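S.K.:
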Amino acid sequence: MDGADNHVSPEAPDAGPIPEAGLLGRVIDRLGIVLAIGIVAAMLILIQEVVLRYVFNAPTIWAHETTVFLCAIAFIYGGLYCASHDKHIRVVLIYDWLPDRVRRVFDIVISLICAASSAMFAWAAWLMVERAVFRPDGSVRLERSGSAWDPVYPALLKLFLLAVLTVMAVQFLILAWGYAKGRK
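Taken in order, the sequence shown gives residues 1 to 184; the numbers are from the numbering used here.
Structural data, given as structure tokens:
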């Protein structure tokens with residue numbers, strides 16, 4: 001397996017974004033901690049909800065939707081985070097057997113395909129955002145959940161998805177450029 005030693009073993013700790021991810025990858029890495037804190041906040045909210053509901057018989061109307069929202073944005077951001085760390089899904093059956101020079105060409109092509117895919121998904125997300133954020137007359141009206149609490153989480157989630165997919169397309173272009181320069 002020529003060049004197979006370049007990959008990090010599954011047991012190795014994550015050393016951050018790969019060099020080819022550039023400055024954007026480092027920013028994505030730093031913002032990841034914010035979303036990780038959101039997961040911890042969701043856990044604390046759920047613990048509070050259990051205590052309020054089953055100990056004091058006083059459940060909230062906001063806990064469930066808030067925890068779903070916090071977990072959803074962390075999940076969406078996870079794709080971008082994985083791309084900057086080169087941890088996205090890849091079939092390595094053939095890839096691992098390739099020499100380093102051919103593998104670099106594969107990395108460039110894979111990154112360009114991922115950039116195009118992310119851009120197309122961003123376009124689809126924009127179509128959802130149009131309906132979730134704008135009225136037919138062009139004024140802003142954020143889509144709401146329709147629950148008793150009725151937060152604007154659906155619209156915010158769609159906006160976040162659009163932003164992440166757009167940044168992901170740019171990140172894959174930066175990765176393709178980094179692979180082309182041969183930094184790895």
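Virtual Cβ for every residue (Gly too), placed ideally from N, Cα, C. For clarity, every value in this text was computed on a predicted model and none was experimentally measured.
Determine the DSSP secondary structure at Val50, reduced to helix, strand or coil.
M.R.: Locating residue 50 in the sequence shown gives position 50, counting from the first residue. Val50: helix per DSSP, three-state reduction.
S.K.: If I measure Cβ to Cβ from Leu52 and keep anything under 7 Å in the same chain, skipping five residues before and after, which residues do I get?
M.R.: Locating residue 52 in the sequence shown gives position 52, counting from the first residue. Here the set comprises Ala58, Pro59, Thr60.
S.K.: Do the segment 170 to 181 and the segment 114 to 121 make contact, defined as three or more Cβ pairs closer than 8 Å?
M.R.: Touching, yes.
S.K.: Whole angstroms are fine: how far does the CA of Gly182 sit from the CA of Leu159?
M.R.: In the sequence shown, counting from the first residue as 1, residue 159 sits at position 159. In the sequence shown, counting from the first residue as 1, residue 182 sits at position 182. When rounded, the distance between both Cα atoms is 35 Å.
S.K.: So, for Ile76: in the same chain, excluding its five sequence neighbours on each side, which residues have a beta-carbon less than 8 Å away from its beta-carbon?
M.R.: In the sequence shown, residue 76 corresponds to position 76, counting from 1. Around Ile76: Leu157, Phe160, Leu161, Val164.
S.K.: Measuring only the C-alpha atoms, how far is Met224 from Glu20?
M.R.: Absent from the model: residue 224. The displayed extent of the chain is 1 to 184, so no value can be given.
S.K.: Taking 6 Å as the limit between beta carbons, can you name the residues of its chain near His85, skipping five residues before and five after?
M.R.: Taking the first residue of the sequence shown as 1, we reach residue 85 at position 85. Excluding positions up to five away in sequence, the list reads Pro17.
S.K.: Less than 6 Å between C-beta atoms, sequence neighbours within five positions excluded: which residues of the same chain meet that for Ile73?
M.R.: Counting from 1 along the sequence shown, the entry for residue 73 is found at position 73. Cβ within range, chain order: Phe160.
S.K.: Determine the DSSP secondary structure at Val91, reduced to helix, strand or coil.
M.R.: As a first step, residue 91 must be located in the sequence shown, where it is residue number 91. Coil at Val91, not helix or strand.
S.K.: In this structure, how does DSSP classify Val198 when only helix, strand and coil are distinguished?
M.R.: What is shown of the chain runs 1 to 184, which leaves residue 198 out entirely.
S.K.: Does DSSP classify Phe56 as helix, strand or coil?
M.R.: Residue mapping note: residue 56 aligns to position 56 of the sequence shown, counting from 1. Phe56 falls in the coil class under three-state DSSP.
S.K.: Please name the residue in Thr66, Ser139, Ala180 whose C-alpha comes closest to that of Val152.
M.R.: For the purposes of this step, residue 152 is identified with residue 152 of the sequence shown, where counting begins at 1. It is Thr66 whose Cα lies nearest to the Cα of Val152.
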